[in-house]
Amino acid sequence: MKLYRFRSGSVCKLFVGGLHGDEGLYTAPVLEILAGEAETASDADIIIVPAITTGAPYTGVLSEAYYHTREGMILTGLIKRYKPRFYFELHAYSEKSYSRLTSAGREEIEGVPPFVDLGKHVLIGSIAPVLRNKLFSTGDFCLTIELPNWKSTAEEVLQILRLGLLCRTKRELLTQLRMMYPESLERAEKLFHQYYRSIAPEPF
Ligand SMILES: [Zn+2]
Numbered sequence: 201m202k203l204y205r206f207r208s209g210s211v212c213k214l215f216v217g218g219l220h221g222d223e224g225l226y227t228a229p230v231l232e233i234l235a236g237e238a239e240t241a242s243d244a245d246i247i248i249v250p251a252i253t254t255g256a257p258y259t260g261v262l263s264e265a266y267y268h269t270r271e272g273m274i275l276t277g278l279i280k281r282y283k284p285r286f287y288f289e290l291h292a293y294s295e296k297s298y299s300r301l302t303s304a305g306r307e308e309i310e311g312v313p314p315f316v317d318l319g320k321h322v323l324i325g326s327i328a329p330v331l332r333n334k335l336f337s338t339g340d341f342c343l344t345i346e347l348p349n350w351k352s353t354a355e356e357v358l359q360i361l362r363l364g365l366l367c368r369t370k371r372e373l374l375t376q377l378r379m380m381y382p383e384s385l386e387r388a389e390k391l392f393h394q395y396y397r398s399i400a401p402e403p404f
């Protein structure tokens, strides 16, 4: 597993991709580009893992079981060790999963809100509640990005990740995202607030 670290500040930002199955084949090229830009782009402690795996059995990150797999233990080990205040988790999905991931009924079926399409099939949403609740504080910024595995959306995804590199605070990052994707962010924030009714003052 490849890990890049660029350390020019104390606040840690963790970018990780390829959590299960073969999705790392799709997340790695994007995160490799980000790694090429990260050294000069930020004054934080940047950790980039392009793919935890590129070929492991698929265990969904919403299940407790995932955190007992080799990949899940690597992931939680990274979070415990580096204690990121900004956390970006990249996945890749197939065209046939689009409706399941974005369905209004996802909360009823899978227990979590649907992903929101930013356009061009790049999806954003909250990270797994089991991870969020155990290893992060409410003030941390945590975002899942699902990129389509049947077409290239590297530029769209990099636009978001670059904001993650540059922004110094969660508030600044959210402001930038709202400006870039006003409608999608409004929808994503509404879904987030409905889900985390009382515990989170700000989304993601
Ligand atoms: Zn995934």
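All the letters of the sequence shown, read from the start, carry residue numbers 201 to 404 under the numbering used here.
Glycine included, every Cβ here is placed at the ideal spot set by N, Cα and C.
Under DSSP, Arg205 forms a beta bridge with Ile247.
If you ignore the 5 residues before and after Glu356, its C-beta comes within less than 6 Å of the C-beta of Lys320, Val322, all in its own chain and listed in chain order.
A straight-line Cα-Cα distance of about 8 Å links Gly305 and Pro314.
Counting along the chain, the unbroken alpha helix (DSSP H) around Ile309 starts and ends at 306-310. Segment contact: the segment 272-283 against the segment 225-243, fewer than three CB-CB distances shorter than 8 Å; contact not assigned. The bridge partners DSSP lists for Ile324 are Val316, Ile345.
The beta-bridge partner set that DSSP reports for Ala388 is empty.
Near ligand 1, residues with a Cβ at less than 6 Å from any of the ligand's heavy atoms are Leu219, His220, Glu223, His291; the list follows chain order.
Only residues of its own chain outside the window of five on either side were considered, and among them none has a CB closer than 7 Å to the CB of Gly236.
It is roughly 10 Å from the alpha-carbon of Val249 to the alpha-carbon of Leu219.
Remark: three or more beta-carbon pairs, one from each stretch, lie closer than 8 Å, so the segment 336-346 and the segment 279-288 are flagged as touching. One thing to note: Leu347 has its Cβ within 9 Å of the Cβ of His291. For the 9 Å CB-CB criterion, Leu365 and Ala244 form a contact. Residues of the same chain with a CB within less than 6 Å of the CB of Glu223, apart from the 5 flanking positions on each side, are His291, Ala292 in chain order. Under the three-state reduction of DSSP, Ala354 is assigned to helix. The beta carbons of Glu232 and Ile252 sit no closer together than 9 Å.
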